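Q:
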């Protein structure tokens with residue numbers, strides 16, 4: 197198998213981003229849009245870390261960015277879920 | 016690249032993509048949430064395969080623990096009754112062009128990334144490591160070279176907590192309370208271990224994979240498990256002390272950042288000889304407050320003190 | 131010699147994981163499936179941990195492996211009782227022939 | 081030796097993929113949660129075997145976190161979720 201090591205992960209990152217973006221646009225239920233957004237974010241993080249790894253040594257900068265990104269993504273998901281719950285309860 | 020390794024990666028990524036699709040498009044919401052939780056589980060294994068143990072630690076604590084708990088709690092709060100349909104948005108009628116746009120974008124992305132030159136920043140970081148005060152490069156980048164990003168990230172999380180709590184009282188889950196006798200015993204057994212492993216990760220952060228983020232996520236998972244088992248925030252804690260705990264990380268970070276300016280007048284420029292202690296202090300403050308903030312995000316609002324509260 | 135012992139232990143562990151998965155798919159109702167996965171929790175992981183512990187070079191790793199196994203046993207047992215109790219509360223009756 | 085560990089990890093991953101069938105087919109919500117719990121344990125075993133193959137000790141810490149959090153999803157499910165409509169299998173208009 198002569199593929200450069202990261203290709204599988206790049207392909208998966210692209211696919212995950214496509215699934216996330218497509219789901220975000222076409223799903224009707226808000227909770228599904230939040231899940232789709234998380235899938236897309238994971239795809240981007242996968243891309244970042246795979247690129248970071250293609251150099252000689254493992255590049256720590258994408259790792260630090262992805263670490264921060266994961267925690268921020270969770271915070272935004274929590275706020276979005278909070279809004280969804282209240283949206284359903286407060287609507288007349 | 017060992018053939019078995021290639022096969023393992025292929026199967027792992029294939030099941031991740033299938034689970035991602037299931038997570039978004041499964042017929043029934045509960046099935047989607049469970050598929051998404053498993054997707055988080057396999058993502059942690061993917062980080063391991065990409066030689067990113069720090070991210071695997073954080074993803075394990077968040078993906079397997081908190082995100083799943085948050086989604087399941089939200090499902091519990093969304094009552095399944097008639098008003099459920101109100102969460103519909105207008106359907107994008109012509110989804111085919113969106114699909115085409117998405118695929119074109121990703122293939123372009125793929126083509127570009129393969130052609131990208133690969134001079135990462137790893138040489139720059141390695142050159143600067145001696146003055147970093149810590150041995151682990153990721154922690155050095157997070158808390159020393161790019162400490163500014165981490166400060167803003169903690170500020171963003173505090174903003175998220177403020178935003179969520181401004182929406183009003185905690186929304187009680189609508190499902191009936193099922194008797195679970197074994198649960199308090201489990202939590203009493205596990206909680207000391209949560210604290211021990213949180214501080215273990217904080218201590219390891221200095222010279223290996225670990226650090227404030229995985230430790231905070233693990234602490235939050237422990238607190239959430241205790242809340243689920245029926246523990247409630249003690250009465251006198253819910254007022255000012257809880258808010259101080261939430262803001263502690265940001266304040267500590269700012270104090271260190273500004274305090275250090277006295278030495279050389281440069282924001283966030285740690286004096287090399289004090290760097291290890293300062294970084295350790297900031298890491299502990301950030302880790303603990305991330306834990307408390309993530310728990311606050313799970314609660315979704317001010318914990319009500321009424322009997323049978325949000326447990 | 132210990133390498134062979136490690137390999138044998140791990141292979142047996144893998145077989146029990148297989149039995150857990152097959153049980154999960156083949157058994158008729160929730161309660162019997164609970165039995166299947168608890169085998170994977172306790173025995174299969176125990177064998178894999180034991181197999182790895184033989185190869186681990188210093189004591190701390192072996193203790194950590196033991197801790198992992200005990201944790202999975204404790205939470206597995208509690209979860210099984212929780213799920214069974216919740217299933218009964220939701221009116222899922224055990225399967226009769 | 082590493083080939084053996086990798087083969088073992090691959091075998092367990094195949095187990096995980098097969099367990100997905102129960103997630104889709106499982107008549108009741110409890111079945112889906114069950115396969116979630118089994119996947120958690122299998123993920124711990126996969127991580128341990130990957131530690132065997134690569135020797136990176138951080139993998140044991142990741143496995144430790146998975147082990148501690150094994151109960152998290154199930155506890156949340158039992159205490160906070162179990163939506164009624166998750167039980168019947170017909171493709172009802174989801175909420």
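Residue numbers (this note's numbering), protein chains in the order written: chain B, 197 to 288; chain G, 16 to 326; chain E, 131 to 227; chain W, 81 to 175. No residue lacks a Cβ here, since even glycine has one placed at the ideal position from N, Cα and C. If you're wondering where the values come from, they're calculated on a predicted model, not measured in any experiment.
(1) Whose C-beta lies closer than 6 Å to the C-beta of residue 163 of chain E among residues of the same chain, with five residues either side of it excluded?
(2) Exposed or buried, what is residue 132 of chain E when buried is set at 16 or more other beta-carbons lying within 10 Å of its beta-carbon?
(3) Can you check which of these residues, B:202, B:210, B:204, is closest to residue 125 of chain G by C-alpha distance?
(4) Jot down the residue ranges of each uninterrupted alpha helix (DSSP H) in the segment 122-186 of chain G, minimum 4 residues, whole runs only, in chain order.
(5) Would you check if there are 3 or more beta carbon pairs closer than 8 Å linking the segment 234-243 of chain G to the segment 258-270 of chain G?
(6) Beta carbons nearer than 9 Å to chain W: which residues of the segment 160-173 of chain E have them?
(7) Buried or exposed, going by whether 16 or more other CB atoms sit within 10 Å of the CB of residue 282 of chain G?
(8) Here's a check: name, in chain order, each residue in its chain whose Cβ is nearer than 6 Å to the Cβ of residue 35 of chain G, leaving out the five neighbours to either side.
(9) To the nearest angstrom, how far is the alpha carbon of residue 277 of chain B from that of residue 89 of chain G?
(10) Anything in chain B within Cβ reach of residue 299 of chain G, meaning under 8 Å, just list it in chain order.
(11) Taking Cβ-Cβ distances shorter than 9 Å, what residues in chain G pair up with residue 152 of chain W?
(12) Check distances from the C-beta atoms of the segment 193-214 of chain E to those of chain G and list, in chain order, the residues that come in under 7 Å.
(13) Strictly by DSSP, which residues pair up with residue 317 of chain G?
(14) Provide the residue(s) that pair with residue 222 of chain G in DSSP beta bridges, ordered along the chain.
(15) Give the residues from the segment 220-234 of chain G that approach chain W closer than 8 Å (Cβ to any Cβ), ordered along the chain.
(16) Classify residue 305 of chain G: buried if its beta carbon has 16 or more other beta carbons within 10 angstroms, exposed otherwise.
(17) What would DSSP say about residue 17 of chain G, mapped onto helix, strand or coil?
(18) Quick check on the DSSP output: the alpha helix (DSSP H) that includes residue 284 of chain B runs from which residue to which?
(19) For a quick check, are the C-beta atoms of residue 220 of chain B and residue 233 of chain B less than 7 Å apart?
(20) Listed in chain order, which residues of the segment 116-140 of chain W have Cβ atoms closer than 9 Å to some Cβ of chain E?
(21) Show which residues of chain G have a CB atom less than 8 Å away from the CB atom of residue 273 of chain B.
(22) Could you tell me which of G:207, G:83, G:265 sits nearest to residue 169 of chain G, measuring between CA atoms?
(23) In chain B, which residues lie less than 8 Å from residue 315 of chain G when you measure between Cβ atoms?
(24) Distance, Cα to Cα, residue 180 of chain E vs residue 83 of chain W?
(25) Apart from the five residues on each side of it in sequence, which residues of its chain come closer than 8 Å, Cβ to Cβ, to residue 176 of chain W?
(26) Taking residue 114 of chain W as the query, report the chain G residues whose CB atoms sit under 7 Å from its CB, ordered along the chain.
(27) Quick check on DSSP: helix, strand or coil for residue 220 of chain E?
A: Looking at the coordinates:
(1) Contacts found: 154, 157.
(2) The residue is exposed, with fewer than 16 neighbouring Cβ atoms inside 10 Å.
(3) Among B:202, B:210, B:204, the Cα nearest to that of residue 125 of chain G belongs to B:210.
(4) You should have 137-143, 152-155, 162-180.
(5) Output reads no: the segment 258-270 of chain G does not touch the segment 234-243 of chain G.
(6) Sequence-ordered contacts of the segment 160-173 of chain E with chain W read 160, 163, 164, 166, 167, 170, 171 [C-beta pairs closer than 9 Å].
(7) Result: exposed.
(8) Same-chain partners within the cutoff: 54.
(9) Residue 277 of chain B and residue 89 of chain G: Cα-Cα distance of roughly 7 Å.
(10) Residues of chain B whose Cβ lies closer than 8 Å to the Cβ of residue 299 of chain G do not exist, since the nearest Cβ in that chain is about 17 Å away.
(11) At a C-beta separation below 9 Å, residue 152 of chain W has these neighbours in chain G: 79, 80, 81, 83, 84, 236, 239, 240, 243.
(12) For the segment 193-214 of chain E, the beta-carbon criterion of a distance under 7 Å to any beta-carbon of chain G is satisfied by 204, 205, 208, 211, 212.
(13) Bridge partners of residue 317 of chain G according to DSSP: G:184.
(14) DSSP lists no partner for residue 222 of chain G.
(15) Taking a C-beta cut-off of 8 Å against chain W, the contacting residues of the segment 220-234 of chain G are 223, 224, 225, 229, 233, listed in chain order.
(16) With a threshold of 16 other beta carbon atoms within 10 Å, residue 305 of chain G meets it and is buried.
(17) Taken through DSSP and simplified to helix, strand or coil, residue 17 of chain G comes out as coil.
(18) From DSSP, the alpha helix (DSSP H) with residue 284 of chain B extends over 256-286.
(19) At the C-beta level, residue 220 of chain B and residue 233 of chain B come within 7 Å of one another.
(20) Per Cβ criterion, the list reads 117, 118, 120, 121, 122, 124, 125, 128, 129, 131, 132, 137, 140.
(21) Under the 8 Å cutoff, chain G gives 82, 85.
(22) Looking only at G:207, G:83, G:265, the smallest Cα-Cα distance to residue 169 of chain G is reached by G:265.
(23) For the C-beta of residue 315 of chain G, the chain B residues within less than 8 Å are, from N- to C-terminus, 274, 277, 278, 281.
(24) Whole-angstrom Cα-Cα distance: 19 Å.
(25) The displayed coordinates of chain W run from 81 to 175. Any statement about residue 176 of chain W would go beyond what the structure contains.
(26) What residue 114 of chain W touches in chain G: nothing, since even the nearest Cβ is about 10 Å away.
(27) In this structure, residue 220 of chain E counts as coil in the three-state DSSP scheme.
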